[in-house]
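Protein chains: 2
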Amino acid sequence: MDFRKLDNVSVNCIIFGLGSDGLYVLLQKRTLNMFRDDFPIIDDWIITGERAFISKTLEESANTIFKSITNLSEFNRIQFRTYGNSSSLKTDKDLLWVKSHGLKVQSMTIAYYFVQPKKSATLTTDQFKWFSIKSLPDLGFDHYDIINDAHEDVKKKIMVEPVIFDFLPYKFTLNELQIAFEAVLNIELDNRNFRKKALKKIYIVPLNETKKGNAKKPSKLYAFSRDVYDKVTEKESMINF
Amino acid sequence: MDFRKLDNVSVNCIIFGLGSDGLYVLLQKRTLNMFRDDFPIIDDWIITGERAFISKTLEESANTIFKSITNLSEFNRIQFRTYGNSSSLKTDKDLLWVKSHGLKVQSMTIAYYFVQPKKSATLTTDQFKWFSIKSLPDLGFDHYDIINDAHEDVKKKIMVEPVIFDFLPYKFTLNELQIAFEAVLNIELDNRNFRKKALKKIYIVPLNETKKGNAKKPSKLYAFSRDVYDKVTEKESMINF
DNA sequence: ACAAAAGTGTTGCTAATACACCCATGT
DNA sequence: ACATGGGTGTATTAGCAACACTTTTGT
């Protein structure tokens, strides 16, 4: 196998995680110490990226990055955009970083996002940290914009594809599903109406199981059936233009 | 300006055009004569592509390709996917082509599509030709799949963004709008219900003008107002999961 | 006057919204 | 027994689907 990398193409992964209190992004610490160890010149956060491997597909490169960070081997991966050339290196900090890492200034990045419940990822180093999408830290490069683009993309996809279920564990309650929509779309929904709607979807199948242990009334669990979903071909008919 | 090109990155443009009789794609003839001029070894069609310029953004590269073919300088450009490495060179023909053009075998392509009324493009050479999406010719590389991906993408975008209007001239009739939906989505719509729905959209503004000359009853013209559209923020509220 | 496309209304049904209380459990 | 989140029903309104005929023009 060829482990060389392309020097002008990188793959970036935005890792979204849904917690019970909202939507999170997993970021990587970026530090550069030049003169003294305790006085970093650069000290901020970035989305995780890597140069693409010559002999891997882009998807494989993205999966590799994702897996090395989260220890997960299920990939809810969506490629949403490719950013080209120039325009992303605007600050001295970013230039310094790029040069100190032997990277080319001119480069291109294929951006993916991954979607899952926040708690299913296992972080092993404190180099990575979850941040609420509502209070992002100081970010390198144009990564703030990229995260924003990814968020906008997932909002649109949710309207049209069953991405929401990737944010949830295999078994989930209807309230968890509602909260997922509310967190990702940043809206509020009426609980009664939401349930009525959800219960009509035949691909949200009720399980003979409840979720206990919240010190409350136990709640019914449901699972998403992709098979059933795929068979429900209608969908198309409605034009919202 | 730096006119060098990246040898491992290309930009591909799928050019969609809407005719009165359906959706078309503009393709480029690919021929390679090896031994005799009248017996080409390769003789098929491809979507138009080019290696990306080092000093241009990807969007500029795409625009350049588009303009050189269609003579249009309005760009309804949508980047929909990036295809990476391997997997696209499966046939001897494609390998032969790549080698005879001094290209690298390992490469990556950023794919865009452009959307407009078919008749607004002016073709100057017979190297380019429109093909109905329903009867595509023999295509090189994996371009059949790429066209398909683009078509699927535009179908989804149409549901959620006002892309349909890019297929039409500035002034259009409601029946043209209906036919546009029918052609792109490959569905049939009820004329009365469609009009009722369209007339409710305040961003479809009636003009004090009619379209004559079909030897029929003249029809009222409308225009799409992007300003008004952008101000109508609701949209979000409806979840179709 | 006729051909050809433009344009128009009503009804039944389904889905969306708005809204407030009881239920089952753990402590 | 009480606190907590889970779960339910109804009335009103809005939008979708199905359906066939009249209007305006050019020739």
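Protein sequence lines, in the order shown, are assigned to chains L and X. Residues in the first sequence are numbered consecutively from 2, following this note's numbering. Residues in the second sequence are numbered consecutively from 2, following this note's numbering. Just so you know, even glycine gets a beta-carbon here, dropped at the ideal spot from N, CA and C. The structure displayed is predicted, hence computed values, not measured ones.
With the criterion set as a beta carbon lying under 7 Å from some beta carbon of chain X, the members of the segment 162–175 of chain L are Pro-163 and Ile-165, in sequence order.
Per the DSSP secondary-structure output, Val-26 (chain X) pairs in a beta bridge with X:Phe-17 and X:Phe-132.
The beta carbon of Asp-139 (chain L) lies closer than 7 Å to those of Asp-45 and Trp-46 in the same chain, with the five residues before and after it left out.
Around the CB of Ala-53 (chain L), 16 or more other CB atoms lie within 10 Å, so the residue is classed as buried. Listed in chain order, the beta strand (DSSP E) runs fully inside the segment 73–101 of chain X are 78–84, counting runs of at least 3 residues.
When DSSP states are grouped into helix, strand and coil, Glu-60 (chain X) belongs to the helix group. Put simply, of X:Ser-121, X:Lys-157, X:Gly-141 and X:Ile-148 the residue whose alpha carbon is nearest the alpha carbon of Ile-134 (chain X) is X:Ile-148. Distance from the CA of Met-109 (chain X) to the CA of Asn-194 (chain X), rounded to the nearest whole angstrom, comes to 45 Å.
For Phe-142 (chain L), the closest alpha carbon among the candidates L:Leu-7, L:Asn-13 and L:Lys-6 is that of L:Asn-13.
Straight across, the Cα-Cα distance linking Gly-103 (chain X) with Thr-65 (chain X) is about 21 Å. The Cβ-Cβ distance between Ser-226 (chain X) and Val-206 (chain X) falls below 8 Å. For Phe-182 (chain L), the enclosing alpha helix (DSSP H) starts and ends at 175–186.
The beta carbon of Thr-65 (chain X) does not come within 8 Å of any beta carbon belonging to chain L, so the residue lies off that interface. When 8 Å is used as the limit between beta carbons, Thr-49 (chain L) is near no residue of chain X, the shortest such separation being about 18 Å.
Contact note: Val-10 (chain X) reaches chain L through Asn-9, Val-10 and Met-109, using a C-beta cutoff of 8 Å and chain order. Interface criterion not met: the Cβ of Thr-92 (chain X) is under 8 Å from no Cβ in chain L. With its beta carbon at least 8 Å from every one in chain X, Gly-18 (chain L) lies outside the interface. One thing to note: Trp-131 (chain X) has its Cβ no nearer than 8 Å to the Cβ of Leu-24 (chain X).
Close to Ile-240 (chain X), with beta-carbon spacing below 7 Å, are these residues of chain L in chain order: Met-160 and Phe-182. Within the DSSP secondary-structure output, Pro-41 (chain L) pairs in a beta bridge with L:Asn-34. Among the residues facing chain X, Leu-104 (chain L) is not included, as its CB has no counterpart in that chain under 8 Å away. Per DSSP, Leu-208 (chain X) is not a residue of any alpha helix (DSSP H); the beta strand (DSSP E) it occupies stretches across 205–212. Beta-bridge annotation (DSSP): Ile-165 (chain X) is not paired with any residue.
Beta-bridge partners assigned by DSSP to Arg-52 (chain L): L:Ser-11.
Beta-bridge pairing by DSSP links Met-160 (chain X) to no other residue. Chain-order list of chain X residues neighbouring Leu-59 (chain L): Thr-83, Tyr-84, Gly-85, Asn-86 and Met-109, by C-beta distance under 9 Å. In this structure, X:Leu-222 is the residue among X:Leu-190, X:Leu-222, X:Lys-158 and X:Ile-159 with its C-alpha nearest to the C-alpha of Leu-175 (chain X). The beta-carbon separation of Asn-77 (chain X) and Gln-29 (chain X), rounded to 20 Å, does not stay under the 8 Å limit for a contact. Annotation: the continuous alpha helix (DSSP H) that includes Lys-201 (chain X) extends over 192–201. For Pro-163 (chain X) and Glu-183 (chain X), the gap between their C-alpha atoms comes out near 15 Å. Shown here, Tyr-230 (chain L) sits in a helix according to DSSP, grouped into three states.
The C-beta distance from Tyr-114 (chain X) to Val-155 (chain X) rounds to 7 Å, short enough to fall under 8 Å. When Cβ-Cβ separations below 8 Å define contact, Lys-157 (chain L) makes contact with chain X. Of the residues assessed, Tyr-171 (chain L) falls on the exposed side of the cut-off, its CB having fewer than 16 other CB atoms within 10 angstroms. Looking at the backbone, the Cα of Ala-63 (chain X) and that of Ile-159 (chain X) are separated by about 21 Å.
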